[in-house]
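Residue numbers (our numbering), protein chains in the order written: chain B, 1 to 338; chain H, 1001 to 1338.
Here a beta-carbon is modelled for each residue, glycine too, at the ideal position from N, C-alpha and C.
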DNA sequence: TACTTTTGGTTAATCGATTAAACAAATATA
DNA sequence: TATATTTGTTTAATCGATTAACCAAAAGTA
């Protein structure tokens, strides 16, 4: 095939005017007469003119593309965040490029390179669990384009962030379990070095103390939060002399693993042990019993991250100011704790 | 910020040579001396040079970007397809841009426009359920870039396709159920106008006939295949005077809905009714009882779609030849039918 | 009438990288 | 020694759209 696209020049030739006039006509420049504009648009349509984005982006120094980095796409949370982000950005004339890191630091670095290479106007990212070294994110900042983090942020990096209040979410969960009569609550948490998981752990500890409940070390477990590890850690908890009567798991996937173990051993949920997850993944309402979980307002997070980005590009001067938006989460109570 | 990036010119100035020499040195042109190459690469590193992709893409008429259109990203099937596609394409120097149609025809058209506008070198897509009008896909073809469809293809459109053999998959399922002693097998299928679902229906009918089993109209139901509709259609089947002893559902989501109804009504699965889904979504192994399903070899589909694309760009002449790759699927037997 | 403004364009430079063509210097060949 | 070839680089054009600067013609103003 190798069909050559119609360019401004082609339109200009047909009408015997300059390409500059054509360009201005298509962009509704005031200095072009209505008559010319009509003629140009007519010919453009006839020739099926598609502007060459590369050329205009190069000239304008602006690609109207926003890069998005996700730990993974097959999560309803991330999927929903992106959907809402896209809606806001599309309206403002931006398109998005999605890349996934698969929770790998190496992949994440590659993604950043790809996006910078594609000359995106900004990057909105949620960091991989693995990521500790922040030099690659510094690279974005030194490139002079806005960087907005969501969900998995990093305080040391001086950039904008949109997420939920993890500390308060833990409190909310503990309040709920205490109200249901639980006296011995365990927590299967994420890695402490990840800020959001650390905050959930802190919230758990403080809430437990507040209610004068036992906060034995054996009740607080650090986990990779995969389904497999959820199974493993639940087994550990069941092996304790003094079993917990409730388990708060910092991820729905690990919570599901825990539930499988409880089901397999014939331990009744919620009668014997109550269970709470985190993330409100769709399957939490599908399994038996359905799992109580925390909704993170993915729609708002996506929307706000996009709007934060737009806040920068609409100003000429990009002064990256710390813009932390912390939303309240919502507890969705289901059978596993009710 | 608005930091201006280093360009070829900056490097050229430092070394007092031409930008052409710099460009060639960085691209390892044989006509540049080893000494110069070393010096150029050294300076490039020092100045943290990042090539401007827009400029080179414009000049070369090639963006090294491949557009991907997915009905949705939060499905493990699509997620896995993309992951494998990306691996193959990255190795060949291509990067991908993911867009999601959310099963909406309108959104799909917008996605196509976005991708063409971004000057991708090719498009790999799986069509939205809604899509009937193919003119937008014709637009891609008339743009002269390769188009490869996967999973949800369309025979009328003369393009390459990678997918599984849906007709045979139905046969495989029926054979399995017959072997388990089922005598009255129902099918909750998708919309007949979608090719893959139509093939599954044809396979079901032919396999049923082959075994001289009853193929009453009431046993074959057309569905949107959402979880909700799965529940609805299962209720219908249970209301029949002559209930089926097995149900083959063309999607895991709808199969899960069906399972919920069966569980709610205390009907034992697989003892009273056996159940088979389609797609091998992760939750099929997580629910109780786990659901027998069909694996679609997402890894291979992704890889092959990518390779098909590469097959075009490596040749100079792009002759879009019909290149249909049909893979065998695999039945994953779990508790719901065992 | 003479000068200023407005209208509706045109010309030419530009974005940054690539590349065909040209060319000077070094080396090889007759 | 004279000519041909190779080596290493420069010059200049190019991709397509945008835009600053310029300009001619028409219209307005004193």
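Do residue i and residue j have their C-beta atoms within less than 8 Å of each other?
{"i": "residue 1054 of chain H", "j": "residue 57 of chain B", "result": "yes"}
{"i": "residue 203 of chain B", "j": "residue 167 of chain B", "result": "yes"}
{"i": "residue 88 of chain B", "j": "residue 307 of chain B", "result": "yes"}
{"i": "residue 150 of chain B", "j": "residue 124 of chain B", "result": "yes"}
{"i": "residue 65 of chain B", "j": "residue 95 of chain B", "result": "yes"}
{"i": "residue 1279 of chain H", "j": "residue 1294 of chain H", "result": "yes"}
{"i": "residue 229 of chain B", "j": "residue 273 of chain B", "result": "no"}
{"i": "residue 322 of chain B", "j": "residue 160 of chain B", "result": "yes"}
{"i": "residue 1213 of chain H", "j": "residue 1183 of chain H", "result": "yes"}
{"i": "residue 1275 of chain H", "j": "residue 1337 of chain H", "result": "yes"}
{"i": "residue 1185 of chain H", "j": "residue 1297 of chain H", "result": "no"}
{"i": "residue 1331 of chain H", "j": "residue 1176 of chain H", "result": "yes"}
{"i": "residue 190 of chain B", "j": "residue 142 of chain B", "result": "no"}
{"i": "residue 1070 of chain H", "j": "residue 1098 of chain H", "result": "yes"}
{"i": "residue 1256 of chain H", "j": "residue 1238 of chain H", "result": "no"}
{"i": "residue 283 of chain B", "j": "residue 1283 of chain H", "result": "yes"}
{"i": "residue 236 of chain B", "j": "residue 221 of chain B", "result": "yes"}
{"i": "residue 292 of chain B", "j": "residue 277 of chain B", "result": "yes"}
{"i": "residue 80 of chain B", "j": "residue 264 of chain B", "result": "no"}
Return no unless some Cβ of chain H is closer than 8 Å to the Cβ of residue i.
{"i": "residue 297 of chain B", "result": "no"}
{"i": "residue 33 of chain B", "result": "no"}
{"i": "residue 173 of chain B", "result": "no"}
{"i": "residue 300 of chain B", "result": "no"}
{"i": "residue 44 of chain B", "result": "no"}
{"i": "residue 263 of chain B", "result": "yes"}
{"i": "residue 283 of chain B", "result": "yes"}
{"i": "residue 25 of chain B", "result": "no"}
{"i": "residue 233 of chain B", "result": "no"}
{"i": "residue 95 of chain B", "result": "yes"}
{"i": "residue 57 of chain B", "result": "yes"}
{"i": "residue 349 of chain B", "result": "With chain B running from 1 to 338 in the structure shown, residue 349 of chain B is simply not present."}
Within the 8 Å Cβ cut-off, does residue i reach chain B?
{"i": "residue 1287 of chain H", "result": "yes"}
{"i": "residue 1273 of chain H", "result": "no"}
{"i": "residue 1140 of chain H", "result": "no"}
{"i": "residue 1063 of chain H", "result": "yes"}
{"i": "residue 1148 of chain H", "result": "no"}
{"i": "residue 1098 of chain H", "result": "yes"}
{"i": "residue 1255 of chain H", "result": "no"}
{"i": "residue 1306 of chain H", "result": "no"}
{"i": "residue 1207 of chain H", "result": "no"}
{"i": "residue 1047 of chain H", "result": "no"}
{"i": "residue 1052 of chain H", "result": "yes"}
When DSSP builds the beta bridges, which residues end up paired with residue i?
{"i": "residue 1187 of chain H", "result": "H:1220, H:1248"}
{"i": "residue 294 of chain B", "result": "B:331"}
{"i": "residue 150 of chain B", "result": "B:162"}
{"i": "residue 1325 of chain H", "result": "H:1162"}
{"i": "residue 1068 of chain H", "result": "H:1098, H:1124"}
Extract the residue ranges of the alpha helix (DSSP H) inside the region 85 to 123 of chain B, only unbroken runs of 4 or more that lie entirely within it. 105 to 117
Can you give me, in chain order, the residues of the region 184 to 202 of chain B that have a beta carbon less than 9 Å from any beta carbon in chain H? none
Taking beta-carbon pairs under 9 Å, can you tell me which members of the region 80 to 91 of chain B lie near chain H? If the cut-off is 9 Å between Cβ atoms, the region 80 to 91 of chain B has 80, 82, 83, 86, 90 near chain H.
Mind checking the region 104 to 130 of chain B against chain H and listing, in chain order, the residues whose C-beta falls within less than 8 Å of any C-beta there? 110, 114, 116, 117, 118, 119
Could you name each continuous alpha helix (DSSP H) segment of 4 residues or more that falls completely within the region 4 to 55 of chain B, going from the start of the chain to the end? 8 to 15, 19 to 26, 34 to 46
Can you check the region 197 to 242 of chain B for any beta strand (DSSP E) of at least 3 residues that lies completely inside it and give the ranges in chain order? 220 to 222
Determine which residues of the region 1066 to 1078 of chain H have a Cβ less than 8 Å from any Cβ of chain B, and write them out in chain order. So the close ones are 1072, 1073, 1074, 1075, 1076, 1078.
Scan the region 1258 to 1315 of chain H and note each continuous beta strand (DSSP E) run of 3 residues or more that stays entirely inside, going in chain order. 1274 to 1276, 1293 to 1295, all fully within the region 1258 to 1315 of chain H.
Contact list for the region 324 to 338 of chain B against chain H, Cβ threshold 9 Å: none
Contact set between the region 1008 to 1021 of chain H and chain B, restricted to residues whose Cβ is under 7 Å from the partner: Listed in chain order, the positions of the region 1008 to 1021 of chain H with a beta carbon within less than 7 Å of a beta carbon of chain B would be empty, since no residue qualifies.
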